[in-house]
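Chemist: A single structure is presented below for examination.
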Amino acid sequence: MLLPEFYAKNYLKEYGIKVPESVLDSSLDQGNIVDSLPGSGAVYLKGQVPQWKREKSGYIIKSERSASFSSKLESLKERLKKHSNCAGILIEEDIPHNLAIYLSLFFDSNSGTAVLLCLGDGGENIEEKFCSRPNKIFKRSLPLTQSDKGNNSLIPHEIIADSFNSLCLPEELKTCWESLLFSLAAMFCEKDCLLLEINPLAVKGNNFYALDCKMFVDDNSCFRQVTLCKQASVYRTAEELAAARYGMSFAPMEGTIGCLVNGAGLALATADYLIEKQLSPANFLDIGGRATVESIKKGLEIICANKKVRVVLVNVFGGIINCGMVAEAVLEFFRALKKKKKLPFTPILVLRGAGVEEARTMLAHSDIRLANSLSTAVAEIRRYL
Amino acid sequence: MSQLLNCSTRIMVQGLTGKSGRLHGLNCLKYGSRIVGGVVPGKGGSFVDSIPVFNSAEECINKTGAEATLVFVPALHTIEAVHEAVDAGIKLVVIITEGIPVHDMSWLKVYLQKKSCICIGPNSPGIATAGEAKMGIIPGEILKKGNVGIVSRSGTLTYEAIMQTTNAGLGQSMVIGVGGDPVHGMSIKEAVHLLEKDITTEGIIVIGEPGGGDEEEAARYIEQHVDKPVVGFIAGVNAPEGKRMGHAGALFFGHKGSCAAKIKALQGAGITIAENYEVIADTLMKKMSV
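Those sequence lines, one after another, are chains L and D.
Sequential numbering from 53 applies to the first sequence in this note's numbering.
Sequential numbering from 1256 applies to the second sequence in this note's numbering.
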């Protein structure tokens, strides 16, 4: 889960890493709060919306504190209103600087360890720079572990020295670099980060300033990172949160075919299949390995609340969950809709694996269609569109 | 593939008395796996059907000679349980549990490597040597002894590939679900290495997902070391980039980890990519008959 920038920066500050002075308008309705920001220099207005890719979002505006400020603020607010999961506007002092470094800690799936990555030439277009000058990147595995409590922020001395040298920084910054890395590593471990990225990291005088921060926390750590989970939830839609409460993962897509699938891989492959056949999925929904009749009904409810949905496709391969249970949930859900005379969708089921026969018997006297493969289901779907 | 798992491998089940542990532990036994005991602290002395339950891994190993452990212990206690089993001498660990924090798994992975212990998972459907034994939740009914080796990061797509190869009459030699979490034990590359060496395996299916660099690493290995026909499938070509879809990984650096990069790497290594998931076995059949 991705944490809004202002929360991430509050944590950096807690760990002793310098960040620009800022104020936050979390509801987009606080008038001109820039006056409460110390100083009189230029400021950055930063719309707090989930930003997955490292590219210009158009939601970051630089402004002098002059007459034009209010109109810039208002126009940004206007544009942010279309984002249901906008977490507000962060107004930050500008930190003039000469050097912008890229610095991150992340998990590398190949080695299974944390990795330190830095590049002297950070800032904009960083992904292009990764591709175009790989030999300038400093990358090293770190023996960081959560379980080594008390020891976890120890970065081997040679890695500190080597990373520092790779950046060609003035010698007097070395102690500062060392404590920056220690702080970052401690935060990375203690906050269960999968990615902790500062870009740009500005050099001003003898200090480093984190001008932006991308903090991605492990969903699996929610049980011990309760506060972080809550803070990250502002970036999630009501549907995603409702699904998560039932152990499911949901993501909206643009199309008209509501999809309910078990397993992330099969759910992704189902969406790919539909798109390849010029059909358009309305969502991604993985019901997970602990699905129940209740959770599947909740999933169908989330799918059917989407006005664009015209047909519902259920694709389940029984293994840890049983197809009979899936059929039961689908039957109950659509029977209830029928009673209320609200049945704008026709469900089409593709069920295989454990419990298929049970499901077939249950569905025999219903008008719910059971297909034995996705290709036959696609033919059915076309008839309803 | 008898070197990893066969019908004489002595297996213990950690978390045998839980809902999943009991159901799938007994299913494994029914399939032919040699399940010798269960480990559940506080439940020692009891039985699950005919399987004796012990309080600790050490006791179970001493009494039953267990060499491998199948882990259903809930995420909060998985690391502890595996740690205990490995210290007591277990050499093969298969972790079905999902939801283990990545930082904890990273620590465990380093520890397991130090102890030269093979680990599959977490968040894995398990492994199976078709016709002999299985460890995990792969439905036994769809397995058929044959000549296709399957390596997959996705659980349900593993079943899909098994069913297709069974229906096509090919069957499976060995199935390895490496697991969908960002940090996992055996990599796709290591699994492919086992299948390349295995004499019963004549064709290999590799199923990947977005995120990480497992597929790319495997592609480099296959290009240099694998002579058997290999078919690949990558789910999630149309997934919004960066968004974490279920357990499918999300962190991309540049183009690394994207489906396009994986497909390009696999194709570059001479691997045929199945057009969609319903034709994985067909694609391999065609390739094997050439």
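Beta carbons: idealized from backbone N, C-alpha and C, even for Gly.
Is there a Cβ from chain D that is less than 7 Å from the Cβ of residue 77 of chain L?
Modeler: Counting from 1 along the first sequence, the entry for residue 77 of chain L is found at position 25. With 7 Å as the cut-off, residue 77 of chain L does not count as an interface residue toward chain D.
Chemist: In chain D, what lies closer than 9 Å to residue 165 of chain L by C-beta?
Modeler: Numbered from 1 along the first sequence, position 113 holds the residue referred to as residue 165 of chain L. Ordered by position in chain D, the residues that pass the 9 Å Cβ test against residue 165 of chain L are 1361, 1364, 1365 and 1438.
Chemist: Compute the distance between the beta-carbons of residue 1491 of chain D and residue 320 of chain L, then report whether it is under 7 Å.
Modeler: Counting from 1 along the second sequence, the entry for residue 1491 of chain D is found at position 236. Counting from 1 along the first sequence, the entry for residue 320 of chain L is found at position 268. For residue 1491 of chain D and residue 320 of chain L, yes; Cβs fall inside 7 Å.
Chemist: Tell me the residue span of the beta strand (DSSP E) that contains residue 1402 of chain D.
Modeler: Looking up residue 1402 of chain D in the second sequence gives position 147. From DSSP, the beta strand (DSSP E) with residue 1402 of chain D extends over 1400-1407.
Chemist: Does any C-beta atom of chain D lie closer than 7 Å to the C-beta of residue 320 of chain L?
Modeler: Start at 1 with the first residue of the first sequence, and residue 320 of chain L comes out as number 268. Judged by the 7 Å Cβ criterion, residue 320 of chain L is in contact with chain D.
Chemist: Quick one, which of L:308, L:336 and L:330 has its alpha-carbon nearest residue 397 of chain L's?
Modeler: Indexing the first sequence from 1 puts residue 397 of chain L at position 345. Answer by Cα proximity: L:308.
Chemist: Write down the C-beta distance between residue 1442 of chain D and residue 1430 of chain D rounded to the nearest angstrom, noting that I regard them as a contact closer than 8 Å.
Modeler: Your numbering for residue 1442 of chain D matches position 187 in the second sequence. Your numbering for residue 1430 of chain D matches position 175 in the second sequence. Going by Cβ atoms, the distance from residue 1442 of chain D to residue 1430 of chain D rounds to 16 Å, so no, they are not a contact pair.
Chemist: Under 9 Å between beta-carbons, which chain D residues line up against residue 273 of chain L? List them in chain order, please.
Modeler: Here residue 273 of chain L corresponds to residue number 221 of the first sequence, with the count starting at 1. 1356, 1357, 1358 and 1359, listed in chain order.
Chemist: I'd like to know whether the C-beta atoms of residue 407 of chain L and residue 370 of chain L end up nearer to each other than 7 Å.
Modeler: Position 355 of the first sequence holds residue 407 of chain L. Position 318 of the first sequence holds residue 370 of chain L. A contact, by the Cβ cut-off of 7 Å.
Chemist: Ignoring anything shorter than 3 residues, give me the beta strand (DSSP E) runs that lie fully in the stretch 131-174 of chain L, in order along the chain.
Modeler: For the stretch 131-174 of chain L, whole beta strand (DSSP E) runs of length 3 or above, ordered along the chain, are 141-145, 151-160 and 165-171.
Chemist: In this structure, does DSSP put residue 53 of chain L in helix, strand or coil?
Modeler: Translated into the one-based positions of the first sequence, residue 53 of chain L becomes position 1. Residue state, collapsed to three classes: coil.
Chemist: If you compare alpha carbons, which of L:235, L:363 and L:374 is closest to residue 348 of chain L?
Modeler: Looking up residue 348 of chain L in the first sequence gives position 296. Considering only alpha carbons, the answer is L:374.
Chemist: In terms of residues, what are the limits of the beta strand (DSSP E) holding residue 440 of chain L?
Modeler: Look at the range of chain L in this structure, 53 to 437, and you will see that residue 440 of chain L is not part of it.
Chemist: Would you call the CB atoms of residue 1361 of chain D and residue 1438 of chain D closer than 7 Å?
Modeler: Counted from its first residue, the second sequence places residue 1361 of chain D at position 106. Counted from its first residue, the second sequence places residue 1438 of chain D at position 183. Yes, Cβ-Cβ distance for residue 1361 of chain D and residue 1438 of chain D is below 7 Å.
Chemist: Quick check: is the beta carbon of residue 1271 of chain D nearer than 7 Å to any beta carbon in chain L?
Modeler: Working through the second sequence from its first residue, we reach residue 1271 of chain D at position 16. No, residue 1271 of chain D lies away from the interface with chain L (no Cβ there is under 7 Å from its Cβ).
Chemist: For chain L, is any of its Cβ atoms less than 7 Å away from the one on residue 1409 of chain D?
Modeler: Reading the second sequence from its first residue, position 154 is the one you call residue 1409 of chain D. With 7 Å as the cut-off, residue 1409 of chain D counts as an interface residue toward chain L.
Chemist: Whose C-alpha, out of D:1453, D:1357 and D:1290, is nearest the C-alpha of residue 1482 of chain D?
Modeler: Translated into the one-based positions of the second sequence, residue 1482 of chain D becomes position 227. Comparing Cα-Cα distances from residue 1482 of chain D to each of D:1453, D:1357 and D:1290, the minimum goes to D:1453.
Chemist: Please say whether residue 1381 of chain D and residue 315 of chain L have beta carbons closer to each other than 7 Å?
Modeler: The residue labelled residue 315 of chain L in the question sits at position 263 within the first sequence. The residue labelled residue 1381 of chain D in the question sits at position 126 within the second sequence. No, the Cβ-Cβ distance between residue 315 of chain L and residue 1381 of chain D is not below 7 Å.
Chemist: If you draw a straight line from the alpha carbon of residue 267 of chain L to that of residue 154 of chain L, how long is it in whole angstroms?
Modeler: On the first sequence, position 215 is the one that residue 267 of chain L refers to. On the first sequence, position 102 is the one that residue 154 of chain L refers to. Their Cα atoms are separated by approximately 14 Å.
Chemist: Below 8 Å, can you find three or more Cβ-Cβ pairs linking the stretch 72-82 of chain L to the stretch 126-140 of chain L?
Modeler: Output reads yes: the stretch 126-140 of chain L touches the stretch 72-82 of chain L.
Chemist: Taking three-plus beta-carbon pairs below 8 Å as touching, is the stretch 242-253 of chain L in contact with the stretch 211-230 of chain L?
Modeler: No, they do not touch.
Chemist: So, at 7 Å on beta carbons, what are the nonlocal neighbours of residue 1387 of chain D in its own chain, with the 5 sequence-adjacent residues on each side left out?
Modeler: Counting from one through the second sequence, the residue named residue 1387 of chain D turns up at place 132. Counting only Cβ-Cβ distances below 7 Å, and skipping sequence neighbours, we find 1261, 1262 and 1287.
Chemist: Along chain L, which residues have their Cβ under 7 Å away from the Cβ of residue 1532 of chain D?
Modeler: The residue labelled residue 1532 of chain D in the question sits at position 277 within the second sequence. Within 7 Å Cβ-Cβ: 321 and 325.
Chemist: Return the CA-CA distance between residue 290 of chain L and residue 1311 of chain D, expressed in angstroms with no decimal places.
Modeler: Locating residue 290 of chain L in the first sequence gives position 238, counting from the first residue. Locating residue 1311 of chain D in the second sequence gives position 56, counting from the first residue. Their backbone Cα atoms lie some 44 Å apart in a straight line.
Chemist: Chain D beta carbons: is any one of them nearer than 7 Å to that of residue 328 of chain L?
Modeler: Reading the first sequence from its first residue, position 276 is the one you call residue 328 of chain L. Yes, its Cβ sits closer than 7 Å to a Cβ of chain D.
Chemist: From residue 1422 of chain D to residue 1538 of chain D, what distance separates their C-alpha atoms?
Modeler: Here residue 1422 of chain D refers to the residue found at position 167 of the second sequence. Here residue 1538 of chain D refers to the residue found at position 283 of the second sequence. Roughly 14 Å between the two C-alpha positions.
Chemist: Going by alpha carbons, who is nearest to residue 1493 of chain D out of L:85, L:419, L:334 and L:113?
Modeler: As a first step, residue 1493 of chain D is located in the second sequence; it is residue number 238 there, counting from the start. Checked all of L:85, L:419, L:334 and L:113; the closest Cα to residue 1493 of chain D is L:334.
Chemist: Among the residues of its own chain, which have a CB less than 6 Å from the CB of residue 1531 of chain D, if the five just before and after it don't count?
Modeler: Taking the second sequence and counting its residues from 1, the one referred to as residue 1531 of chain D is at position 276. Nothing listed; no residue qualifies.
Chemist: Indicate whether the contact test is met: 3 or more Cβ pairs, each with one atom in the stretch 380-390 of chain L and one in the stretch 421-431 of chain L, closer than 8 Å.
Modeler: Touching, no.
Chemist: Starting from residue 249 of chain L, follow the beta strand (DSSP E) in both directions and report where the run begins and ends.
Modeler: Looking up residue 249 of chain L in the first sequence gives position 197. Residue 249 of chain L -> beta strand (DSSP E) spans 245-256.
Chemist: Please report the distance separating the alpha-carbon of residue 1306 of chain D from that of residue 1290 of chain D.
Modeler: Your numbering for residue 1306 of chain D matches position 51 in the second sequence. Your numbering for residue 1290 of chain D matches position 35 in the second sequence. Cα-Cα distance, rounded: 7 Å.
Chemist: Report the rounded CA-to-CA distance for residue 244 of chain L versus residue 1520 of chain D, giving the unit in angstroms.
Modeler: For the purposes of this step, residue 244 of chain L is taken as residue 192 along the first sequence, with counting starting at 1. For the purposes of this step, residue 1520 of chain D is taken as residue 265 along the second sequence, with counting starting at 1. Cα-Cα distance, rounded: 31 Å.
Chemist: Using alpha carbons as the reference points, say which of D:1416, D:1292, D:1469 and D:1276 lies closest to residue 1266 of chain D.
Modeler: On the second sequence, position 11 is the one that residue 1266 of chain D refers to. Among D:1416, D:1292, D:1469 and D:1276, the Cα nearest to that of residue 1266 of chain D belongs to D:1292.
Chemist: Is residue 1355 of chain D closer than 7 Å to residue 1391 of chain D when the C-beta atoms are compared?
Modeler: In the second sequence, residue 1391 of chain D corresponds to position 136, counting from 1. In the second sequence, residue 1355 of chain D corresponds to position 100, counting from 1. No, they are not a contact pair.
Chemist: What residue from L:433, L:394, L:436 and L:383 has the CA that sits closest to residue 413 of chain L's CA?
Modeler: Here residue 413 of chain L corresponds to residue number 361 of the first sequence, with the count starting at 1. Closest by alpha carbon: L:383.
Chemist: Which parts of the stretch 352-398 of chain L are runs of the alpha helix (DSSP H), unbroken and 4 residues or longer, counting only runs that do not cross its ends?
Modeler: Counting whole runs of 4 or more residues, the stretch 352-398 of chain L contains the alpha helix (DSSP H) stretches 375-391.
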